[in-house]
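Numbering (UniProt numbering), first residue to last: 1 to 220. We put the CB at the ideal spot given by N, CA and C, even for glycine.
What follows is the structure, given as structure tokens:
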């Protein structure tokens, strides 16, 4: 209230500071543009005075040429001054931009620090360590329960070696009782030589044989 009554300085917010920085950068840009326009005009005047000086000198008007060269020199000095001013303004512009970026980085770091600090207050290293120890104990208990549940329910212990020995004895008994193989007699060998060809009967022999068969049938 007293600040409003007596015109006290208002507290600046981050947004207002950003607006001021932008306004300053804009003002610097306008000033640089103005200097560049003035620089362009002076460069044209330098070229014009040089041209006029050459013309006067060609006409043997040394005095006129000298005046032109003096004005040219003055314009060149102004150009040098303008160049220095531009460099200064551009340096200020770069510095403000860099400072604004640094401010953003610092604010981000401060925000991250505050957030970490707040979260760390919610956690206690000793409690976390105790919690991890308890968790490992519970995991061990769970593994013991799982191992207990996998144990067989019957009390008859079976030795696998004994079972394998019993199986081998049974297989030996089966082999002893098996019927021995009976040797087959040697079969006659198939002759390798060709059989003699059957003698072909003549026509007379065939007729005689047919006659004998007929007589035998009639005799019956």
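Is residue 32 near residue 89, with beta carbons less than 8 Å apart? Contact flag set, yes.
Can you grab the Cα-Cα spacing for the pair residue 116 / residue 123, in whole Å? Each residue's Cα considered, the two are about 11 Å apart.
Are the CB atoms of residue 105 and residue 21 nearer to each other than 8 Å? Cβ distance not < 8 Å, so residue 105 and residue 21 don't count as in contact.
Proximity of residue 85 and residue 42 at Cβ, strictly below 8 Å: With contacts defined by Cβ atoms closer than 8 Å, residue 85 and residue 42 do not form a contacting pair.
Three or more beta-carbon pairs under 8 Å between the segment 42 to 58 and the segment 70 to 77, yes or no? The way I'd put it, the segment 42 to 58 does touch the segment 70 to 77; three or more beta-carbon pairs between them come closer than 8 Å.
So, is residue 210 buried or exposed, given that buried needs 16 or more other C-beta atoms within 10 angstroms? Flag for residue 210 reads exposed.
Go through the segment 51 to 123 residue by residue and report every complete run of the beta strand (DSSP E) that reaches 3 residues or more, in order. Qualifying beta strand (DSSP E) stretches: none in this window.
When you compare only the Cα positions, how much space is there between residue 150 and residue 160? Distance between the alpha carbons of residue 150 and residue 160: 19 Å.
How should residue 53 be labelled, buried or exposed, when 16 other C-beta atoms within 10 angstroms of its C-beta is the threshold for buried? Buried, by the Cβ-count rule.
Is residue 141 near the ligand FAD, in the sense that its beta carbon is under 7 Å from a heavy atom of that ligand? Ligands displayed in this structure: none; no statement on the ligand FAD is therefore possible.
Please say whether residue 93 and residue 28 have beta carbons closer to each other than 8 Å? Yes, the Cβ-Cβ distance between residue 28 and residue 93 is below 8 Å.
So residue 38 and residue 80 are supposed to be a Cβ contact under 8 Å. How far apart are they, rounded? Between residue 80 and residue 38 the Cβ distance is about 13 Å, and since that is not below 8 Å, they are no contact.
Euclidean distance between Cα positions of residue 173 and residue 145: So the alpha carbons of these two residues sit roughly 46 Å apart.
Report the three-state DSSP secondary structure of residue 202 (helix, strand or coil). Residue 202 falls in the coil class under three-state DSSP.
Taking only three categories from DSSP, how would you classify residue 151? Residue state, collapsed to three classes: coil.
Could you check the C-alpha separation between residue 56 and residue 44 for me, to the nearest Å? Separation of residue 56 and residue 44 (C-alpha to C-alpha, rounded to the nearest whole angstrom) is 18 Å.
To the nearest angstrom, report how far apart residue 223 and residue 58 are at their CA atoms. This structure does not reach residue 223, given that the chain is present from 1 up to 220, and the question cannot be answered.
Cα-Cα separation, residue 135 to residue 165: Rounded to whole angstroms, the separation of the alpha carbons of residue 165 and residue 135 is 48 Å.
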